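> Chain order of the listed sequences is A and B.
Heads up, the first sequence is in the numbering used here, so the first residue is 101 and it goes up one at a time.
Heads up, the second sequence is in the numbering used here, so the first residue is 3 and it goes up one at a time.
So that we are looking at the same thing, I have put the structure below in structure tokens.
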Amino acid sequence: SQQGEEDPQALSIQEGENATMNCSYKTSINNLQWYRQNSGRGLVHLILIRSNEREKHSGRLRVTLDTSKKSSSLLITASRAADTASYFCATVGGSNYKLTFGKGTLLTVNP
Amino acid sequence: DTAVSQTPKYLVTQMGNDKSIKCEQNLGHDTMYWYKQDSKKFLKIMFSYNNKELIINETVPNRFSPKSPDKAHLNLHINSLELGDSAVYFCASSQPWEGDTQYFGPGTRLTVL
Chain A
101 SQQGEEDPQA LSIQEGENAT MNCSYKTSIN NLQWYRQNSG RGLVHLILIR
151 SNEREKHSGR LRVTLDTSKK SSSLLITASR AADTASYFCA TVGGSNYKLT
201 FGKGTLLTVN P
Chain B
3 DTAVSQTPKY LVTQMGNDKS IKCEQNLGHD TMYWYKQDSK KFLKIMFSYN
53 NKELIINETV PNRFSPKSPD KAHLNLHINS LELGDSAVYF CASSQPWEGD
103 TQYFGPGTRL TVL
């Protein structure tokens, strides 16, 4: 069954604003990852946070993880039109390296 | 240099036909995957191979048969195609010590008429 569930399903903001996307999951995890998918393209890995980490930064990205609430958030600061894409969270649990994806958030950044 | 490549990019075929999608990675990874993304963008794993050995086989009709001739290649053969097989199929690869970060191919859009 589906593991991750992103919220909101769609988000539209103006360039320069911050975008926050949330992800909830159901079972215990080893790590949680965020991916970006531009329209008609494959997924690109953005950031990975391990189950014993609470926050991680990469450039304009900030990811938090709350294992007690089984939730994560992805913050994109100072958004750009080029950030327009679908964003997926994916969890890894167990030893078989299987990624379980959520349904994604479609982010539109208007210039 | 393309890390994970898939061919073809687009595939349009009739119901009942048999087709194959090929995937190659030049990252030296041991693990490769096939995913299916439906029209609602939901991405679901189908198969995973580690060093040519099948390690994940989700509930997929047996019309779908993966084949890994070597650890750099993972092909997907689909028999007796059905309308519901229309989707985008993604190949990916990973290496465990990278935290299972997966590198995706560009996708193959399969349309069954």
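Each residue gets a CB set at the ideal place from its N, CA and C atoms; glycine is no exception.
Predicted, not measured: the structure shown is a model, and the values here were computed from it.
So, does the segment 7 to 21 of chain B touch the segment 113 to 132 of chain A, judging by three or more C-beta pairs under 8 Å?
Contact fails: fewer than three Cβ-Cβ distances are below 8 Å.
> Using DSSP's beta-bridge definition, name the partner residues of residue 94 of chain B.
Taking the second sequence and counting its residues from 1, the one referred to as residue 94 of chain B is at position 92. BP columns for residue 94 of chain B point to B:35, B:106.
> Residue range of the beta strand (DSSP E) that residue 121 of chain A falls in?
For this step, residue 121 of chain A is matched to residue 21 along the first sequence. Per DSSP, residue 121 of chain A belongs to the beta strand (DSSP E) from 119 to 124.
> What's the gap between the Cα of residue 203 of chain A and the Cα of residue 35 of chain B?
Mapped onto the first sequence, residue 203 of chain A falls at position 103. Mapped onto the second sequence, residue 35 of chain B falls at position 33. If I take the Cα positions, the gap works out to 19 Å.
> Leaving out five residues on either side along the sequence, give the residues of the same chain with a beta carbon under 7 Å from the beta carbon of residue 180 of chain A.
By one-based count along the first sequence, residue 180 of chain A stands at place 80. So the qualifying residues of the chain are 115, 209.
> Return the chain-ordered list of same chain residues with a C-beta closer than 6 Å to the C-beta of residue 102 of chain A, the five sequence neighbours on each side being excluded.
Locating residue 102 of chain A in the first sequence gives position 2, where the first residue counts as 1. With a pLDDT of only 45 at residue 102 of chain A, under 50, the local geometry of the prediction cannot be trusted, and the value read off the model is given with reservation. Cβ within range, chain order: n/a, list empty.
> Would you tell me roughly how many angstroms separate the C-alpha atoms of residue 19 of chain B and residue 141 of chain A, rounded to the nearest one?
Walking along the second sequence from the start, residue 19 of chain B turns up at place 17. Walking along the first sequence from the start, residue 141 of chain A turns up at place 41. Rounded to the nearest angstrom, the two C-alpha atoms are 26 Å apart.
> Ignore the nearest five residues each way along the sequence and tell me which others in residue 176 of chain A's own chain have a CB closer than 7 Å to its CB.
For the purposes of this step, residue 176 of chain A is taken as the residue at position 76 of the first sequence. Cβ within range, chain order: 118, 119, 160, 161, 183.
> So, residue 38 of chain B versus residue 89 of chain B, is the Cβ gap smaller than 8 Å?
What you label residue 38 of chain B is simply residue 36 of the second sequence in a count that begins at 1. What you label residue 89 of chain B is simply residue 87 of the second sequence in a count that begins at 1. A contact, by the Cβ cut-off of 8 Å.
> Taking its Cβ as the centre, do 16 or more other Cβ atoms sit within 10 Å of residue 102 of chain B, making it buried, or is it exposed?
Translated into positions along the second sequence, residue 102 of chain B becomes position 100. Answer is buried; the Cβ neighbour count reaches 16.
> Are residue 60 of chain B and residue 47 of chain B closer than 8 Å when you measure CB to CB?
Along the second sequence, read from residue 1 onward, the residue named residue 60 of chain B stands at position 58. Along the second sequence, read from residue 1 onward, the residue named residue 47 of chain B stands at position 45. For residue 60 of chain B and residue 47 of chain B, yes; Cβs fall inside 8 Å.
> Which of the residues in the segment 128 to 153 of chain A, read from start to end, lie with their CB under 9 Å from any CB of chain B?
Answer in chain order: 130, 131, 133, 135, 137, 140, 141, 142, 143, 144, 145, 148, 150.
> Any beta carbon of chain A sitting closer than 8 Å to that of residue 68 of chain B?
For the purposes of this step, residue 68 of chain B is identified with residue 66 of the second sequence, where counting begins at 1. Not one chain A Cβ lies under 8 Å of residue 68 of chain B.
> Would you say residue 130 of chain A and residue 148 of chain A are within 8 Å of each other, going by their C-beta atoms?
Position 30 of the first sequence, counted from the start, is the residue given in the question as residue 130 of chain A. Position 48 of the first sequence, counted from the start, is the residue given in the question as residue 148 of chain A. Result no, Cβ atoms of residue 130 of chain A and residue 148 of chain A do not sit closer than 8 Å.
> Tell me where the beta strand (DSSP E) around residue 68 of chain B begins and ends.
As a working note, residue 68 of chain B is residue 66 in the second sequence. It spans 66 to 72 - the beta strand (DSSP E) in which residue 68 of chain B sits, taken as one unbroken run.
> Taking all protein chains shown into account, do 16 or more other C-beta atoms lie within 10 angstroms of the C-beta of residue 72 of chain B, making it buried, or fewer, making it exposed?
Stepping through the second sequence from its first residue, residue 72 of chain B is reached at position 70. Exposed, since its Cβ has fewer than 16 Cβ neighbours within 10 Å.
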